[in-house]
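First up is the structure itself, then whatever we jot down about it.
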Amino acid sequence: MTTITENIFGMRIRRVADVIKEQGREAFWRTGINLDAKLTSVVISLYEKDGQTSSELATTGLSRQLIEARLKQLEKDGYVTSRRSVDDARKRAYSLAPDRRAEISRAVETMIDFEKVYEELWREIGVDLGEAVLKLERALHAKPLLSRLCAEFPQYNNLIKVESNEK
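Quick note, in the numbering used here, the sequence shown goes up one by one and the last residue is 275.
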């Protein structure tokens with residue numbers, strides 16, 4: 109018998125994301141890459157353009173707060189260094205640590221290879237999940253879940269709390 113928690117879409121997505129995260133970490137560690145795989149989006153951005161601030165790195169799609177937390181971890185682990193930004197002394201600019209470049213290069217190469225593995229996985233399951241997720245994200249921005257819920261089940265229209273700008 110299938111339980112409701114097995115059918116909740118968000119829980120399914122989270123489970124798959126957790127599996128990918130854990131398998132990615134294992135692949136890194138077992139191939140001699142000590143970099144935590146969850147930090148690769150920031151590392152790849154710095155690999156492509158060194159010397160970025162946390163605001164500039166926010167183009168990865170992660171929140172600035174999450175980027176800053178990851179930068180702190182990367183700096184603590186010795187993968188990045190920071191200095192005052194040349195453009196704005198109030199900000200810090202982050203660069204890849206020179207003594208970690210070889211490992212970072214291997215991590216980036218592995219991530220590129222993972223993309224090829226994903227392509228094969230998409231063929232195996234019959235869906236380009238990468239493209240499907242991008243379409244899903246665009247659709248949700250165009251019409252949020254609440255709008256969809258109210259359109260499908262009008263009774264929710266009477267339950268919605270209206271945000272007030274008055275204070």
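All C-beta atoms in this analysis are idealised placements derived from N, C-alpha and C, irrespective of residue type, glycine included.
- Per DSSP, the beta bridge partners of T189 are S203.
- Rounded to the nearest whole angstrom, the CA to CA distance from E228 to L267 is 45 Å.
- Bounds of the alpha helix (DSSP H) holding G238 are L237 to A250.
- The C-beta distance from V188 to L174 rounds to 15 Å, too long to meet the 8 Å contact threshold.
- Note on geometry: alpha-carbon atoms of E260 and L253 lie some 10 Å from one another.
- Setting aside the 5 residues that flank it on each side, A215 is surrounded in the same chain by F136, I141, L143, T148 and V151, each with a C-beta closer than 7 Å to its C-beta; the list follows chain order.
- With a beta-carbon spacing of about 21 Å, S213 and A201 fall beyond the 8 Å limit used to define contacts.
- DSSP lists no beta-bridge partner residue for Q263.
- A check of alpha carbon separations from T218 across E164, Q263, A145 and Y264 identifies A145 as the nearest.
- The beta carbon of S162 sits closer than 8 Å to the beta carbons of R172, I175, E176, L179, K199, R200 and Y202 from its chain, once the five residues preceding and following it are set aside; these are given in chain order.
- Straight-line spacing of the CA atoms in I220 and D196 works out to 33 Å.
- Distance between K129 and L204, taken at the CA atoms: about 23 Å.
- If you look at I152, you'll find it in the alpha helix (DSSP H) that goes T148 to E156.
- Cα atoms of G159 and D236: separation of roughly 34 Å, rounded to the nearest angstrom.
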